[in-house]
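J.: Each step along the sequence shown adds one to the number in numbering that gives the first Met the number 0, with nothing skipped, and position 182 is 181. Ideal placement from N, C-alpha and C gives every residue a C-beta, glycine not left out.
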Amino acid sequence: MSVANQSLVEFINNLLPQTQCQRCGYKACLPYAQSIVFENEAINRCPPGGAPGIKKLAHATGRPVVALDEACGAEGPLKLAAIDAQRCIGCALCLEACPVDAIAGSFKFMHAVIENDCTGCELCLPSCPVDCIHMVLPKTPVPWTDDKASRARGHFEQRERRLQEHASKAGSKLRKQPVDKDALLKAALARAKDRQQPTHSKAEPK
Ligand code: SF4
Ligand code: SF4
Ligand code: SF4
Numbered sequence: 000m001s002v003a004n005q006s007l008v009e010f011i012n013n014l015l016p017q018t019q020c021q022r023c024g025y026k027a028c029l030p031y032a033q034s035i036v037f038e039n040e041a042i043n044r045c046p047p048g049g050a051p052g053i054k055k056l057a058h059a060t061g062r063p064v065v066a067l068d069e070a071c072g073a074e075g076p077l078k079l080a081a082i083d084a085q086r087c088i089g090c091a092l093c094l095e096a097c098p099v100d101a102i103a104g105s106f107k108f109m110h111a112v113i114e115n116d117c118t119g120c121e122l123c124l125p126s127c128p129v130d131c132i133h134m135v136l137p138k139t140p141v142p143w144t145d146d147k148a149s150r151a152r153g154h155f156e157q158r159e160r161r162l163q164e165h166a167s168k169a170g171s172k173l174r175k176q177p178v179d180k181d182a183l184l185k186a187a188l189a190r191a192k193d194r195q196q197p198t199h200s201k202a203e204p205k
């Protein structure tokens with residue numbers, strides 16, 4: 000990659016909202032930026048960036064402003080994920096799905112969303128086996144600022160580095176002992192069922 004192209008990719012990536020939501024059809028903002036530069040990909044595939052984002056990309060690439068590609072989704076206010084604590088079974092599958100480490104919790108314990116870090120990407124929703132994550136509109140609208148984008152990008156890149164380190168350190172070991180997600184899920188569901196059993200029965204009326 001030439002220095003000029005590398006700088007352009009970096010420049011375009013900086014214009015993207017960094018929610019890492021994959022609505023553009025790419026795994027993250029950076030590969031979309033790369034595709035705009037190298038594959039002549041359309042500049043109207045980012046719903047979180049919306050019309051203002053398209054204008055910025057048009058300016059940066061010298062291409063005409065076009066309407067958002069509705070097939071990628073609609074522009075809208077930021078919604079945040081919320082976890083129903085009563086229903087969470089502590090399976091930790093949402094931790095794996097969140098691209099910016101915005102969920103706190105550990106295996107067997109209730110999980111919670113760190114609102115300040117949530118990008119509203121919705122990638123955690125399908126990961127939850129008991130559908131206890133939903134998206135909510137904050138009472139006061141939360142503007143997606145450059146600071147928030149920069150913070151989200153930092154968290155995403157930190158996570159990517161961590162995953163790469165884990166993969167290279169434990170790659171062969173993990174290949175020999177693959178995680179049995181079905182077994183983990185069954186165990187979590189069994190624990191949740193146990194939790195729902197009443198521990199005290201009401202005293203019988205005399
Ligand atoms: S914010 Fe989402 S849709 Fe926009 S470039 Fe990043 S990953 Fe793609
Ligand atoms: S908590 Fe869910 S919606 Fe929020 S950033 Fe993480 S995966 Fe996306
Ligand atoms: S995926 Fe759902 S049930 Fe599992 S820890 Fe996350 S919120 Fe709880």
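Within its chain, find whatever has a CB closer than 6 Å to the CB of I113; leave out the 5 residues flanking it on each side and keep chain order.
T.: Result list for I113: A101 and A103, in chain order.
J.: With DSSP as the reference, please indicate the residues paired to M213 in a beta bridge.
T.: No answer is possible for residue 213: the residues shown for the chain start at 0 and end at 205.
J.: Residues in the same chain with beta-carbon distance under 7 Å from H154, minus the five sequence neighbours each way, listed in chain order, please.
T.: Excluding sequence positions up to five before and after H154, its CB lies within less than 7 Å of the CB of V99, D100 and D116, all in the same chain and listed in chain order.
J.: Are the beta-carbon atoms of C123 and C90 separated by less than 8 Å?
T.: no
J.: Does A73 come out as helix, strand or coil in the three-state DSSP assignment?
T.: coil
J.: Answer yes or no: the CB of T118 versus the heavy atoms of ligand 2, is any distance below 7 Å?
T.: yes
J.: For ligand 3, any of its heavy atoms closer than 7 Å to the Cβ of V129?
T.: Within 7 Å of the C-beta of V129 there is at least one heavy atom belonging to ligand 3.
J.: Does the Cβ-Cβ distance between K54 and V64 come in under 8 Å?
T.: yes
J.: Which class does V112 belong to by DSSP, given the choice of helix, strand or coil?
T.: strand
J.: Can you check DSSP and say which residues form a bridge with A103?
T.: A111
J.: Looking at the structure shown, is D68 part of a helix, part of a strand, or coil, going by DSSP?
T.: coil
J.: Kindly provide the chain-ordered list of residues whose Cβ lies closer than 5 Å to any non-hydrogen atom of ligand 1.
T.: L15, P16, T18, C20, R22, C23, C28, Y31, C45 and P47
J.: How about A41: is its Cβ closer than 7 Å to a heavy atom in ligand 3?
T.: For ligand 3, not one heavy atom lies less than 7 Å from the Cβ of A41.
J.: Apart from the five residues on each side of it in sequence, which residues of its chain come closer than 7 Å, Cβ to Cβ, to R86?
T.: Within the same chain, R86 has close Cβ partners V129 and C131.
J.: Quick one, which of V8, L56, L15 and P51 has its alpha-carbon nearest Q33's?
T.: Answer by Cα proximity: V8.
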